[in-house]
Amino acid sequence: MIKIENLEKVYKTEEVETTALNGINLHVKAGEFVSIMGPSGCGKSTLLNVMGLLDKPEGGSYKFIDTELLTLNDRERSNFRKRNMGFVFQNFNLIDELTVFENIELPLIYNKVPATERKKLVNEIIERMNIVNRSGHFPQQLSGGQQQRVAVARALVTKPKLVLADEPTGNLDSSHGNEVMELLCELNETGTTIVMVTHSSHDASFSNRIINLKDGHVISEKINKSRNEELI
Amino acid sequence: MFKLNLKIALRNLWRNRGITFINIGGLSIALAAFILVMIYAAYETGFDKSNPNYDRIYQVGRSMQDLKTNYTPPPLAQAIKDNFPEVEAVGKMKSGAFELPLFTNEGTVFTQNFLMADYSATQMFKIKPDYGLEKPKGESVSLFLPRAYMQTLFPHKKDNKPELVGLASKSAGQSGEVIGSVFVDPHSNISFDALYISNDLGKGEDYGFNNYQTYIQVKKGTDIYNLEQKINKLYQTELAKNSGNDDRFKSTTIFLDPLKNLHLKPKTGSDANYKVLISVSVLGFLILIIACINFTNLSIAQAAKRAKEVGVKKVMGAYRVQLAIQFLTEILIQCIAATVLSLIFAELVLPGFNSLFLVNLTIWQSNSSLIWQLPLILFFITLIAGIYPAMVLSGFKPAAVLKGNFQTSKQSYWLRNSLLVIQFSIAVIFITGLLIINSQLKYMRTQDVGFKADQVIYVKNIALFSDPAIFEPIREKIMKISGVKSVTVTNSIPDGSKLGTNTYAVDAKKELISFLDVDFDYFETLNIKLKEGRPFSKEFKTDAVNSAILNESATAKYGLTNPLGKTIRGCDMDYKIVGIIKDFKAQGFEKAVEPTIYTLKNPCGNPKTMIMIKIEESKMSETLASLKNQWLNINPKDGDNFRYQFLDQLYGKLFQKQEQLQSVFFAAAILTIFIAILGLFAFAKYITNGRIKEIAVRKILGASDLQIMKLINTSFFTMVILANLISWPVAYILTKKWLGTFAYRIEMPVLPFIISALITILLTIITVSLQATKAVKAKPVDALKYE
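This is how it looks when you write it as structure tokens:
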């Protein structure tokens, strides 16, 4: 589904140039769950941002089911993003002024889904995430694990083809972290493609494939056999 | 989506209600000031605007070597009408201030400002008496009075028939016919409280009688400059026919002054009103712009809190335009709230504003244009206050803000620094100005003016008392009343009125000096000090014939070292100087005391009618009561109504203009310092928000609260000092110029400059420290914790 070739990204400040991505090649198949690992500053978040169309690389190509995404303008990128991608962040990034229900509803509004259908979709996902009794609460009133569930719900409500997760368990304790990882697995099993950046090899063990980055290069790729066997 | 955005907006405003309140409040106060200025400007520029021919009416004036006047000779109007077809209509008017009592059995009114107009002038200015106006026949003159006067004189009148009123004094037995009532438009250049309409004015008077205002109404598309030249040529020709080759007339030219300029900047008068209007408008506009910029700054200071929202929405596919519109809408909501509040403020302040500027403005009725102007202003301020924050906020890069390490940019620091310095500079100028105005007014109130107006009443009267012998029996009767200390009569009281001038000669040295015609006891009544010689006295028979007293300035002008006994010649008379008085400030503090000659007999002066009575303070009310009771007996020729004013109040009116200026400066000083503090507040908040991490780190490393306070205050302290340094010379030059308009003034004081510096520095430290305290008191851990 995703074909990334020779991706280059350089951060420039007045004095230094930092190469974040240095000729990355990456292919992701539909239905795959890929983890990206590596030390701090290896370029993994940059790669995720580029994949999420939040950042523009200097060179290379990024094809998403045969569509070249790097040549799109801002508006086209926005449109593509909202139709095809969902995001989960380390720090949840829920809007504090909106309730749980309203937060989850937001991406549907940007996708111009009619109000009645929105209500149906949001209620469905709230039920699935087991946060029904929280739907009228504001994010500040929830625990970290609950907030991340809401964030995942928000990422899924549009039924995206690709979910991008940036250290989704980074701010959670291990039991809440596991809950979230299990949620992502369930999701993957229903056919959603997931690309996740993580520091934790425990989290990575939930995925099909682990990619190691260093200094902007892919240094190793590992198929997670146990997980793939499960699949088979 | 709109509903959700609205929810976000309202919840956000509510959560930061302190800031919201300051932001909306500050904007609404500035907007209120701006609305008042707009109404005022619309009123001041709207005189006669309801006249459909507003743009085509011109006043004819004459320009002499050093004087422009609107007094024109009566035949000129007809000549213009006869010669120039582009002139549709001409009208003549004559007005004057002259108090005349009109009475019936029901009541008495005093007309003070009569206007004589010919029929065509009333048509030109749409002056319509209530029951219509018939063209007066032949030489007849029709008198119309304002509705309020008619109501007093004829409270039971139902029909529209003419009525008889008594004129002047009952004893005179004169009466006249009033045709009816007329509406006097307060918003017109043509004002009056008694209107005489006739078919023609100034019949039989030639080009030497420059006593009339002439107005012309031209056809559409007339070349005014060309017409002016043609009228001028006509005037020169006619003048030559009438007055021969007098050179003085040859240098006189004609000019046309458009009706729309007559109220604010007439060529024949002062354009002070216009200057006031311009400065007030500029000030109002500046205040509004600065308030908008402050609003912007505060919004951006709050931006960090919205960054995450922007990031999330962008990730979900929101376009930048959508977000920009969302923020603009939010600011629009705040601006609407500010506008509503500002209307309330304006309504509250309006009575004070009206009494200060001596106008009668209302927000809704007088000015319907406000209804369409207000949405425009709203749109305008939303744009200035909102565009920048909307751009900044909607421009956040989601990849950066969603990581949680968001920092607002520092690139616009210099812009904000200079804005803050400018705001404080303006505030310092107004504070310094206010303090210096206060000092000068205090000086004027405490300084010896050379005469005592306290306990002196000025009695209005229309009987003539030019000859001391005629006034003597009246004086005797008044003096009999207990409590009266002295009595005199004159043709001008010391209330700032300009005296007549004439050429007088001493030893062949001719000088133009002022003259004042007085009666015995004038100097005693006003407690004016004698320098040498003696005052006028009944013991000297010649005093009523040809004695004169000069003031110090006059002797100085003539260079007389030993003036007593010398002869001064003027108005075909020889006077003997019998005394010299010390200068007294009858004209107030703005003009230097004029060289003046005081005489009892003066063929060139106006008749003496103004009676002044000095009364013992302890017996004031009973003496006034006795005077009122006996006035008809005392002054049979004009004794029906005892009308008086206290001289100290009349003299006090000379200070009115300066007191008005003081009030304007007071309001401006408060407003500008308020807005500057608001700007400072926003900026300090922004800066401390940006430095929270730095402060936390410093605290962990052992910085004391005081050290951190100092750290935050220093840059602001520098800016305020800079603002003071910038505005001191400006304030110095402006106040020096203002003080220069006074002949008697204080030395430029130093204290106001120091005080305004202290005020601004103190307010700055308080404002900044309030913000800094929050940052200092916060637990450093919270600031350093991730997310």
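Residue numbers (our numbering), protein chains in the order written: chain A, 1 to 232; chain B, 1 to 787. All C-beta atoms in this analysis are idealised placements derived from N, C-alpha and C, irrespective of residue type, glycine included.
- The C-beta separation of K92(B) from A121(B) comes to about 6 Å, placing the pair in contact by the 8 Å criterion.
- Taking 8 Å as the cut-off, the beta carbon of I300(B) is found closer than this to the beta carbon of P389(B).
- Considering only beta carbons, no part of the region 251-279 of chain B lies closer than 7 Å to chain A.
- In the structure shown, E221(A) falls within a strand segment according to DSSP collapsed to helix, strand and coil.
- At a cut-off of 8 Å between beta-carbon atoms, I95(A) makes contact with chain B.
- For a Cβ distance threshold of 7 Å, residue set K82, L106, P107 and Y110 of chain A lies close to M316(B), ordered along the chain.
- Shortest Cα-Cα distance from I436(B) to any of I580(B), Q662(B) and E552(B) involves Q662(B).
- Of all C-beta pairs linking the region 520-538 of chain B to the region 617-629 of chain B, fewer than three are shorter than 8 Å, placing the two stretches out of contact.
- For P129(B), the pairing in a beta bridge is given by DSSP as V182(B).
- With its beta carbon at least 8 Å from every one in chain A, A307(B) lies outside the interface.
- Identification of chain A residues near G311(B) by a Cβ-Cβ cut-off of 7 Å yields N93, ordered along the chain.
- Secondary structure of Y212(B) (DSSP, three-state): strand.
- The criterion of a C-beta distance shorter than 8 Å is not satisfied by T555(B) and L516(B).
- The Cβ of F89(A) sits closer than 8 Å to at least one Cβ of chain B.
- The three-state reading of DSSP puts A301(B) in helix, counting H, G and I together.
- Of all alpha-carbon atoms in V340(B), I759(B) and L711(B), the one lying nearest the alpha-carbon of A723(B) is that of I759(B).
- The shortest CA-to-CA distance from P57(A) to any of H137(A), L72(A), S174(A) and V132(A) is the one to L72(A).
- Taking 8 Å as the cut-off, the beta carbon of L164(B) is found no closer than this to the beta carbon of S181(B).
- Per the coordinates, the alpha-carbon of K267(B) lies some 14 Å from the alpha-carbon of E228(B).
- Contact with chain A is found for K7(B), since one of that chain's Cβ atoms lies less than 8 Å from the residue's Cβ.
- Rounded to whole angstroms, the Cβ separation of F353(B) and L36(B) is 6 Å, and the two are in contact under 8 Å.
- In the three-state DSSP reduction, G166(B) falls in the strand class (E or B).
- In the assembly as shown, L701(B) is an exposed residue. Its beta-carbon has fewer than 16 other beta-carbons within 10 Å.
- With contacts defined by Cβ atoms closer than 8 Å, I429(B) and V730(B) form a contacting pair.
- Take the alpha-carbon of M124(B) and the one of D118(B): they are about 10 Å apart.
- Secondary structure of K3(A) (DSSP, three-state): strand.
- Boundaries of the alpha helix (DSSP H) around P74(B): P74 to N83.
- Where K531(B) is concerned, the enclosing beta strand (DSSP E) starts and stops at L530 to G533.
- The residue among I673(B), E539(B), F451(B) and L115(B) with its C-alpha nearest the C-alpha of I761(B) is I673(B).
- Residues of the same chain with a CB within less than 8 Å of the CB of Q140(A), apart from the 5 flanking positions on each side, are D96 in chain order.
- Rounded to whole angstroms, the separation of the alpha carbons of D203(A) and G41(A) is 19 Å.
- Listed along chain B, no residue sits closer than 7 Å to E15(A) by beta-carbon distance, the nearest being about 17 Å off.
- With respect to chain B, the C-beta atom of N79(A) has a partner C-beta closer than 8 Å.
- Secondary structure remark: continuous alpha helix (DSSP H) runs of at least 4 residues inside the region 218-295 of chain B, in chain order: 224-243, 247-250 and 259-262.
- Between G317(B) and S78(A), the gap from beta carbon to beta carbon is short of 8 Å.
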